[in-house]
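Going by the working numbering, the first residue of the sequence shown is number 6, and it counts up by one from there. Just so it is clear, CB atoms sit at the ideal spot from N, CA and C, and this is done for glycine as well.
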Amino acid sequence: MQIKQPFWNHNGGTVCFGKDGYLYICLGDGGAANDPMSNGQNLKTLLGSILRIDVDKADGDQKYSVPKDNPFVGQKDARPEIYAYGLRNVWRLNFDSKTGTGWIADVGQNLWEEVNILEKGGNYGWNIRESKHDFDKGIRDANGEDKFVEPVWEYDHETGKSITGGAVYRGKKFPELDGVYLFADYVTGHVWGLDYDVEAKKLNKHMEIEGEHIDLKKFKAAPIITFGEDEMGEVYFSSVNGRIYTLGK
C-alpha cells in the first residue's frame, strides 16, 4: 500500500493488530493547518482515517484484502479499507489487551486535545470539529448537523498542547491501575489516567499519574513520545532522550 502525502506533517501515528487479527493503520489528514483539502471528511481518500485490512489474504494483485464487515464495503464513493474517519493525526491507537476496546488519542490544532473510543464507521468530526467544539462553522453549516462520535476526554492548551496516546494497564505491579487508560502530553510532560466504563459510557475518574508510579520531573525535560506494553500487561514508555521506561521508580 502506498499513500501520497500532500504535506510534510501529519503522516500518521500507529500500525497495530486488533484482537480480531486485522491490521489497523492510522493516517493523518495529510498535513498543513486546518485540513485544507478536507481529507478528514472525505471517504474517497485514506487520509484522516483509521484503516482495517486483512494482511493474511491477498485480493488479486493486491497484497491484502478488505474484511467483509468493514463499514464502507460496497458503498459508492468510499474507500472500503476505512474503519473510522474524521481524524486529524492519531497519536496513538491502542487496543485493551483484555477487552479489545480501541483507544484513540487525536492531536488537536488550535485548542483541544482528545481521547476517543474506536467505533465501527465512526466520524470523529475533524475538520468540522476539534474535539467537542466547532472548528469551522462554515463547513458545519454546509454539511448540516452531522452525527459525530463524542470524545471520552478532552483538555485544552492551557493544560497541554500535544497528546501522546498510551495503553490500558493490565499488569500486576499496580493493581489500583487495572483497566486505567494511561496517556501523556508531549509538550508539558504530564501523564494521566482515565478510569472509564466503556459499556456505561461513563467516566469514573481522571487522575494524574505520579508519586510511586512515575517520576514526572524527568519527563517534563524529555517528554514521552510513545507507549507500549508486554505480554504481562505492564506498560512501558519512551521519551525523546531515546530511553525506555516502565512504571515505578
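Burial state of residue i (16 or more Cβ within 10 Å)
| i | result |
| --- | --- |
| D109 | The question names Asp, yet the displayed sequence has Ile at residue 109. Burial call: buried. |
| F242 | buried |
| I22 | According to the sequence displayed, residue 22 carries Phe and not Ile. The residue in question, F22, is exposed, as its Cβ has fewer than 16 Cβ neighbours within 10 Å. |
| V20 | exposed |
| E159 | buried |
| P180 | exposed |
| E258 | No information on residue 258 is available, as it lies outside the stretch 6 to 254 that the chain covers here. |
| D13 | Reading off the sequence, residue 13 comes out as Trp, not Asp. By the neighbour-count rule (16 or more Cβ atoms within 10 Å), W13 is not buried but exposed. |
| T50 | buried |
| D82 | exposed |
| E86 | buried |
| Q46 | buried |
| V26 | Note that residue 26 is Gly in the sequence shown here, rather than Val. It counts as exposed. |
| N39 | exposed |
| G255 | Limits of the chain in this structure are 6 at one end and 254 at the other, which puts residue 255 out of reach. |
| I249 | exposed |
| D74 | exposed |
Beta-carbon gap between residue i and residue j smaller than 7 Å
| i | j | result |
| --- | --- | --- |
| V95 | V120 | no |
| L28 | V60 | yes |
| G35 | L52 | yes |
| E189 | V196 | Before going further, note that residue 189 is Ala rather than Glu in the sequence given. Against a cut-off of 7 Å, the Cβ pair of V196 and A189 comes out as a contact. |
| I168 | E234 | no |
| G198 | L208 | no |
| V245 | I230 | yes |
| G105 | K166 | no |
| I133 | Y88 | no |
| W269 | L98 | In the structure displayed, the chain extends from 6 to 254; residue 269 sits before or after that span and is not available. |
| Q228 | Y201 | Correcting the residue type first, residue 228 is Pro in the shown sequence and not Gln. Contact: no. |
| D135 | G107 | Inspection of the sequence shows that residue 135 is occupied by Glu rather than by Asp. No, they are not a contact pair. |
| N16 | Q7 | no |
Counterpart residues of residue i in DSSP-defined beta bridges
| i | result |
| --- | --- |
| D111 | V95, E119 |
| K207 | D202 |
| I229 | S244 |
| E135 | H138 |
| W197 | F188, E213 |
| F100 | G107 |
| Y129 | Answer is none; Y129 lacks a bridge partner. |
Whole-angstrom C-beta distance between residue j and residue i, which should lie under 8 Å
| i | j | result |
| --- | --- | --- |
| L116 | K178 | In fact, because the Cβ distance is near 36 Å, the residues do not count as touching under 8 Å. |
| R175 | S102 | 5 Å |
| V154 | G127 | 4 Å |
| I122 | V203 | 6 Å |
| K125 | P76 | 5 Å |
**Report entry** Runs of beta strand (DSSP E) wholly within the segment 22-87 (minimum 3 residues, chain order)
**Finding:** 28-31, 54-58
**Report entry** Ordered list of alpha helix (DSSP H) runs contained in the segment 146-176, each at least 4 residues
**Finding:** none
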